[in-house]
Amino acid sequence: MKSILIATAITVTAGLTIWQLWPQAEDTPPRQQATSPSSSGKLETPDNMRTATWPPPFPERNDERKFVALLPTGPEISAAQSLVATRDGDSRTPPIAHSQITQEMPTAAELADPKAYQQYEARQNTRLYAAYVLAADEEIPRLREAIARARDMGIAPADIAKGEEKLRRITAMQGQLLNEHPELQNGTSTKSGLK
(Lines of atoms letter the chains of each structure in order from A and count residues from 1; the text may use other names and numbers.)
(Lines give C-alpha, C1' and ligand atoms only; values in the text may rest on other atoms or scores of the structure.)
Protein backbone atom coordinates (compact mmCIF):
# COMPACT_ATOMS: atom_id res chain seq x y z
CA MET A 1 0.00 0.00 0.00
CA LYS A 2 2.82 2.37 0.92
CA SER A 3 4.62 1.73 -2.36
CA ILE A 4 1.43 2.50 -4.33
CA LEU A 5 1.11 5.89 -2.59
CA ILE A 6 4.75 6.69 -3.27
CA ALA A 7 4.43 5.70 -6.94
CA THR A 8 1.27 7.81 -7.27
CA ALA A 9 2.95 10.83 -5.69
CA ILE A 10 5.96 10.49 -8.00
CA THR A 11 3.72 10.16 -11.05
CA VAL A 12 1.64 13.21 -10.12
CA THR A 13 4.76 15.27 -9.43
CA ALA A 14 6.33 14.24 -12.73
CA GLY A 15 3.12 15.05 -14.60
CA LEU A 16 2.84 18.51 -13.05
CA THR A 17 6.49 19.22 -13.80
CA ILE A 18 6.10 18.23 -17.46
CA TRP A 19 2.90 20.26 -17.74
CA GLN A 20 4.63 23.38 -16.35
CA LEU A 21 7.66 22.98 -18.61
CA TRP A 22 5.67 22.31 -21.78
CA PRO A 23 6.31 25.05 -24.36
CA GLN A 24 3.44 27.52 -24.48
CA ALA A 25 3.98 28.50 -28.12
CA GLU A 26 2.85 25.10 -29.37
CA ASP A 27 -0.38 25.16 -27.37
CA THR A 28 -1.82 28.32 -28.88
CA PRO A 29 -2.13 28.71 -32.64
CA PRO A 30 -0.63 31.91 -33.99
CA ARG A 31 -3.19 34.65 -34.54
CA GLN A 32 -3.18 36.81 -37.55
CA GLN A 33 -3.87 40.44 -36.97
CA ALA A 34 -6.28 42.20 -39.19
CA THR A 35 -4.48 44.94 -40.99
CA SER A 36 -6.26 48.09 -41.84
CA PRO A 37 -5.63 49.88 -45.08
CA SER A 38 -4.30 52.87 -43.15
CA SER A 39 -1.50 50.86 -41.52
CA SER A 40 1.98 51.27 -42.86
CA GLY A 41 2.12 47.71 -44.08
CA LYS A 42 4.21 46.58 -41.13
CA LEU A 43 2.76 43.65 -39.18
CA GLU A 44 2.93 44.00 -35.41
CA THR A 45 3.41 40.92 -33.28
CA PRO A 46 0.88 40.50 -30.49
CA ASP A 47 2.06 41.17 -26.96
CA ASN A 48 0.91 37.83 -25.63
CA MET A 49 2.57 35.72 -28.34
CA ARG A 50 5.60 33.90 -27.01
CA THR A 51 8.54 33.03 -29.17
CA ALA A 52 11.87 31.34 -28.62
CA THR A 53 13.38 34.57 -27.32
CA TRP A 54 10.64 35.36 -24.85
CA PRO A 55 11.05 37.41 -22.70
CA PRO A 56 12.88 39.86 -24.92
CA PRO A 57 16.37 40.79 -23.78
CA PHE A 58 16.86 44.08 -22.03
CA PRO A 59 17.95 46.81 -24.38
CA GLU A 60 21.58 47.79 -24.20
CA ARG A 61 22.18 50.94 -22.24
CA ASN A 62 24.57 53.28 -23.88
CA ASP A 63 24.66 55.59 -20.88
CA GLU A 64 28.03 56.01 -19.34
CA ARG A 65 28.11 54.35 -15.95
CA LYS A 66 28.74 56.60 -13.03
CA PHE A 67 30.94 55.28 -10.26
CA VAL A 68 30.24 56.42 -6.73
CA ALA A 69 33.05 56.64 -4.23
CA LEU A 70 32.80 54.26 -1.30
CA LEU A 71 32.39 55.55 2.21
CA PRO A 72 35.54 55.59 4.31
CA THR A 73 36.01 52.31 6.14
CA GLY A 74 38.32 53.53 8.86
CA PRO A 75 42.06 53.54 9.30
CA GLU A 76 44.04 51.27 7.05
CA ILE A 77 45.99 48.84 9.23
CA SER A 78 48.06 45.87 8.27
CA ALA A 79 47.09 42.29 9.00
CA ALA A 80 49.83 42.04 11.63
CA GLN A 81 48.49 45.09 13.47
CA SER A 82 44.99 43.68 13.30
CA LEU A 83 46.19 40.38 14.77
CA VAL A 84 47.99 42.18 17.61
CA ALA A 85 44.85 44.23 18.32
CA THR A 86 42.79 41.05 18.37
CA ARG A 87 45.12 39.33 20.82
CA ASP A 88 46.00 42.25 23.10
CA GLY A 89 42.92 44.43 22.74
CA ASP A 90 42.73 48.16 22.23
CA SER A 91 45.37 50.10 24.13
CA ARG A 92 42.87 52.92 24.74
CA THR A 93 40.51 50.64 26.67
CA PRO A 94 40.60 51.25 30.40
CA PRO A 95 41.63 48.29 32.53
CA ILE A 96 38.92 46.13 34.04
CA ALA A 97 38.56 46.94 37.72
CA HIS A 98 38.04 43.74 39.63
CA SER A 99 36.06 44.06 42.82
CA GLN A 100 38.05 43.49 45.99
CA ILE A 101 34.90 42.36 47.76
CA THR A 102 34.32 38.64 47.67
CA GLN A 103 30.73 37.60 47.37
CA GLU A 104 29.40 35.51 50.21
CA MET A 105 28.18 32.16 48.92
CA PRO A 106 25.27 30.34 50.58
CA THR A 107 26.14 27.42 52.81
CA ALA A 108 24.73 23.94 52.29
CA ALA A 109 22.36 24.48 55.23
CA GLU A 110 21.07 27.71 53.68
CA LEU A 111 20.53 25.98 50.36
CA ALA A 112 18.59 23.18 52.06
CA ASP A 113 16.33 25.40 54.19
CA PRO A 114 14.08 27.92 52.35
CA LYS A 115 13.86 30.27 55.37
CA ALA A 116 17.62 30.27 55.82
CA TYR A 117 18.04 30.98 52.11
CA GLN A 118 15.65 33.94 52.40
CA GLN A 119 17.85 35.29 55.18
CA TYR A 120 20.89 34.82 52.93
CA GLU A 121 19.11 36.76 50.15
CA ALA A 122 18.19 39.52 52.61
CA ARG A 123 21.87 39.82 53.64
CA GLN A 124 22.90 40.03 49.99
CA ASN A 125 20.30 42.73 49.29
CA THR A 126 21.44 44.70 52.33
CA ARG A 127 25.04 44.52 51.08
CA LEU A 128 23.91 45.75 47.67
CA TYR A 129 21.94 48.66 49.15
CA ALA A 130 24.85 49.56 51.44
CA ALA A 131 27.21 49.56 48.46
CA TYR A 132 24.87 51.90 46.57
CA VAL A 133 24.59 54.30 49.53
CA LEU A 134 28.38 54.31 49.98
CA ALA A 135 28.96 54.89 46.25
CA ALA A 136 26.38 57.69 46.26
CA ASP A 137 28.15 59.31 49.24
CA GLU A 138 31.32 59.40 47.15
CA GLU A 139 29.70 60.38 43.84
CA ILE A 140 27.37 63.19 44.97
CA PRO A 141 30.16 65.65 45.98
CA ARG A 142 32.08 64.79 42.79
CA LEU A 143 28.99 65.52 40.65
CA ARG A 144 28.34 68.82 42.47
CA GLU A 145 31.92 69.92 41.77
CA ALA A 146 31.63 68.89 38.11
CA ILE A 147 28.38 70.87 37.72
CA ALA A 148 29.99 73.95 39.32
CA ARG A 149 33.03 73.63 37.01
CA ALA A 150 30.73 73.25 33.99
CA ARG A 151 28.91 76.46 34.90
CA ASP A 152 32.23 78.29 35.30
CA MET A 153 33.44 77.01 31.92
CA GLY A 154 30.26 78.14 30.15
CA ILE A 155 29.02 74.68 29.15
CA ALA A 156 25.60 74.64 27.47
CA PRO A 157 22.67 74.71 29.92
CA ALA A 158 21.22 71.54 28.35
CA ASP A 159 24.38 69.60 29.21
CA ILE A 160 24.42 71.02 32.73
CA ALA A 161 20.77 70.02 33.10
CA LYS A 162 21.72 66.41 32.29
CA GLY A 163 24.28 66.42 35.09
CA GLU A 164 21.79 67.99 37.51
CA GLU A 165 19.20 65.35 36.59
CA LYS A 166 21.74 62.61 37.25
CA LEU A 167 22.57 64.17 40.62
CA ARG A 168 18.88 64.47 41.48
CA ARG A 169 18.20 60.81 40.65
CA ILE A 170 21.18 59.51 42.62
CA THR A 171 20.20 61.63 45.63
CA ALA A 172 16.56 60.48 45.39
CA MET A 173 17.55 56.81 45.19
CA GLN A 174 19.92 57.17 48.13
CA GLY A 175 17.18 58.87 50.17
CA GLN A 176 14.68 56.15 49.26
CA LEU A 177 17.09 53.39 50.30
CA LEU A 178 17.87 55.13 53.60
CA ASN A 179 14.13 55.56 54.33
CA GLU A 180 13.31 51.93 53.52
CA HIS A 181 16.37 50.50 55.32
CA PRO A 182 17.18 52.58 58.42
CA GLU A 183 20.04 50.21 59.33
CA LEU A 184 22.02 51.86 56.51
CA GLN A 185 21.83 55.28 58.25
CA ASN A 186 25.15 55.24 60.10
CA GLY A 187 28.35 55.02 58.10
CA THR A 188 29.97 52.30 60.24
CA SER A 189 27.29 49.72 59.51
CA THR A 190 27.38 50.71 55.84
CA LYS A 191 31.09 50.07 55.58
CA SER A 192 30.94 46.91 57.66
CA GLY A 193 28.12 45.57 55.47
CA LEU A 194 30.46 45.56 52.50
CA LYS A 195 33.12 43.33 54.05
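Under the working numbering, residue 723 is the last one in the sequence shown; the count climbs by one each step, no gaps.
No residue lacks a Cβ here, since even glycine has one placed at the ideal position from N, Cα and C.
Exposure of residue i, with buried meaning 16 or more beta-carbon neighbours within 10 Å
{"i": "Gln-702", "result": "buried"}
{"i": "Ile-675", "result": "buried"}
{"i": "Ser-567", "result": "Reliability fails at Ser-567, whose pLDDT of 48 lies under 50, so the model's placement of it is uncertain and no value is given."}
Cβ separation of residue i and residue j, assumed to be a contact under 8 Å, to the nearest whole Å
{"i": "Ala-678", "j": "Ile-688", "result": "5 Å"}
{"i": "Tyr-648", "j": "Leu-705", "result": "That belief does not hold up - the Cβ atoms of Tyr-648 and Leu-705 are roughly 20 Å apart, past 8 Å."}
{"i": "Ile-698", "j": "Ala-664", "result": "5 Å"}
Proximity to residue i [Cα-Cα], best of the options
{"i": "Pro-710", "options": "Ala-535, Tyr-645, Arg-615, Tyr-657", "result": "Tyr-657"}
{"i": "Leu-662", "options": "Ala-607, Lys-690, Val-612, Gln-713", "result": "Gln-713"}
{"i": "Arg-696", "options": "Glu-708, Asn-707, Leu-671", "result": "Leu-671"}
{"i": "Pro-634", "options": "Ala-625, Arg-651, Lys-690, Pro-622", "result": "Arg-651"}
At which residue ranges does the segment 627-667 contain complete alpha helix (DSSP H) runs of 4 or more residues, listed in the order of the chain? 636-640
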